[in-house]
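In the working numbering, the protein residues as written are 56 to 345. Everything below concerns the one structure shown next.
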Ligand code: ADP
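See the structure below:
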């Protein structure tokens, strides 16, 4: 009987040890699986970042190449042909100015993006008329895209649309939206720009509408992140760096506002910048958020 009890005890011990061993084994397996998952995830992340970086470098190179090629061609034409009629000569000079402007704008925008990333972008706020600013930007942009058949229709509210803004930064944000409206226009050549006072006068809305490719609902949030480009932009080979909307959002948020989009594939897109409006008697005040 004693021997039987001893054997049973030994069997019980063995079973307990086996259970501990199995539990240990399972814990090691779980640790290995979790470790592998985290390694796989961080490798994937690194690869995605590397891909974004290389896409960005190639996009930046392409953005430089087009105006540089144009500059070179017009300079060669001017050099090669001594007896060019004055009118033609002037049109070549104008093309050179356009290409130089484009390069200048692109470099400035890259520098601005760098400063925003480093949180070193100083904003110089002052009260200004958003309608007048939008009109100036639309006119300048209209001159740039007229040759491609685009028209920019402006609809301005008769109400006072004063906002506390950095004119240079707000112009850049608006330019980026207009530039996208033209870039993703598909066959349409119509762009609309509207400025109006909303929400019982507490907000000023600046709206850019196009009738182009539109954006998938699933992409509408992501496109405001840096380097993110939509599927349509990539599949159609439309050039871009993926920083335009990230900059717009950064600028608008620095002004205490927000940006939203409403869009459907094939039906065009409407981007709206919403800014706090000037309240009575705050002309000399500071920014609402400061
Ligand atoms: P980029 O135009 O250089 O790709 P953006 O940050 O300006 O970068 O835009 C991000 C993406 O959002 C674009 O790649 C495009 O897919 C989409 N997008 C932006 N504006 C429009 C628009 N007006 N119509 C359609 N798609 C747009």
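Virtual Cβ for every residue (Gly too), placed ideally from N, Cα, C. In this text, all values refer to a predicted model and were calculated from it rather than measured experimentally.
**Message:** With DSSP as the reference, identify every bridge partner of residue 311, one or two as the case may be.
**Reply:** Listed as beta-bridge partners of residue 311 by DSSP are no residues whatsoever.
**Request:** State yes or no: is the C-beta of residue 207 within less than 8 angstroms of the C-beta of residue 248?
**Result:** Contact annotation: residue 207 and residue 248 have beta-carbon atoms nearer than 8 angstroms.
**Request:** Say whether the region 301-321 touches the region 266-284, bearing in mind that this needs 3 or more beta-carbon pairs closer than 8 angstroms, one atom from each stretch.
**Result:** Taking a cut-off of 8 angstroms for Cβ pairs, the region 301-321 and the region 266-284 touch, as three or more such pairs fall below it.
**Prompt:** Got a sec? Which residues, its chain only, sit under 6 angstroms from residue 214 by beta carbon, not counting five neighbours each side?
**Reply:** Taken in chain order, the residues that qualify are 252.
**Request:** Starting from the Cα of residue 169, find the closest Cα among 302, 316, 328 and 333 and give me that residue.
**Result:** Residue 302 is the option with its Cα nearest to residue 169.
**Message:** When you compare the CB positions of residue 246 and residue 282, do they come within less than 8 angstroms of one another, or not?
**Reply:** Taking 8 angstroms as the cut-off, the Cβ atoms of residue 246 and residue 282 do not count as close.
**Message:** Per the DSSP calculation, residue 318 is bridged to which residue(s)?
**Reply:** Residue 318 is bridged to 324.
**Asked** At least one CB of chain B closer than 8 angstroms to the CB of residue 311: is that the case?
**Response** Structure shown: chain B not included; a single protein chain is present.
**Prompt:** Which runs of the alpha helix (DSSP H) fall wholly inside the region 115-159 and span at least 4 residues, in chain order?
**Reply:** Secondary structure remark: continuous alpha helix (DSSP H) runs of at least 4 residues inside the region 115-159: none found.
**Message:** Shorter than 7 angstroms, the distance from the beta carbon of residue 265 to the closest heavy atom of the ligand ADP, or not?
**Reply:** At least one heavy atom of the ligand ADP falls within 7 angstroms of the beta-carbon of residue 265.
**Prompt:** Measuring from the CB of residue 190, is there a heavy atom of the ligand ADP at a distance below 7 angstroms?
**Reply:** It does not: the Cβ of residue 190 is nowhere closer than 7 angstroms to a heavy atom of the ligand ADP.
**Request:** Would you check if the distance between the CB atom of residue 158 and the CB atom of residue 222 is smaller than 8 angstroms?
**Result:** No, Cβ-Cβ distance for residue 158 and residue 222 is not below 8 angstroms.
**Residue range of the alpha helix (DSSP H) that includes residue 234** = Counting along the chain, the alpha helix (DSSP H) containing residue 234 begins and ends at 222-238.
**Request:** Can you tell me which of the three DSSP states residue 258 falls into?
**Result:** Taken through DSSP and simplified to helix, strand or coil, residue 258 comes out as strand.
**Request:** State the DSSP-derived secondary structure class of residue 218, mapped to helix, strand or coil.
**Result:** For residue 218, the secondary structure class from DSSP, reduced to helix, strand or coil, is strand.
**Asked** From residue 294 to residue 227, what distance separates their C-alpha atoms?
**Response** If you take the alpha carbons of residue 294 and residue 227, they lie about 19 angstroms apart.
**Request:** With a 10 Å radius around its C-beta and 16 neighbouring C-beta atoms as the bar for buried, classify residue 344 as buried or exposed.
**Result:** Because residue 344 sits at a pLDDT of 45, beneath the cut-off of 50, its placement in the model cannot be relied upon, and the point is left open.
**CA nearest to the CA of residue 123, picked from 93, 190, 197 and 162** = Ranking the options by Cα distance to residue 123, first place goes to 162.
**Prompt:** By the 10 Å Cβ neighbour count, where 16 or more other Cβ atoms means buried, how is residue 340 classified, buried or exposed?
**Reply:** Confidence in residue 340 is poor, its pLDDT being 44 and thus under 50, which makes the residue's placement too unreliable to answer from.
**Prompt:** Can at least three beta-carbon pairs, one atom from the region 171-179 and one from the region 125-132, be found at a separation below 8 angstroms?
**Reply:** Verdict: no, contact absent.
**Asked** Taking only runs of the beta strand (DSSP E) that begin and end inside the region 250-294, which ones reach a length of at least 3 residues, in chain order?
**Response** Correct list: 258-265.
**Request:** Sort 328, 87, 121 and 69 by Cα distance to residue 311 and report the nearest one.
**Result:** The option with the nearest alpha carbon to residue 311 is 328.
**Item:** residue 238 versus residue 86 - alpha carbon distance
**Value:** Just so you know, the alpha carbons of residue 238 and residue 86 end up roughly 50 angstroms apart.
**Item:** Within 8 angstroms, strictly: CB atoms of residue 115 and residue 296
**Value:** By the CB criterion at 8 angstroms, residue 115 and residue 296 fall inside the cutoff.
**Closest Cα partner of residue 277 within the set 299, 98 and 291** = Relative to the Cα of residue 277, the nearest Cα in the group 299, 98 and 291 belongs to 299.
**Prompt:** In terms of residues, what are the limits of the beta strand (DSSP E) holding residue 208?
**Reply:** Note, residue 208: beta strand (DSSP E), 206-211.
**Request:** Mark residue 155 as exposed unless 16 or more other C-beta atoms lie within 10 angstroms of its C-beta, in which case mark it buried.
**Result:** Here residue 155 is exposed, its C-beta having fewer than 16 other C-beta atoms within 10 Å.
**Item:** residue 184: first and last residue of the uninterrupted beta strand (DSSP E) it sits in
**Value:** That run of the beta strand (DSSP E) goes 181-184.
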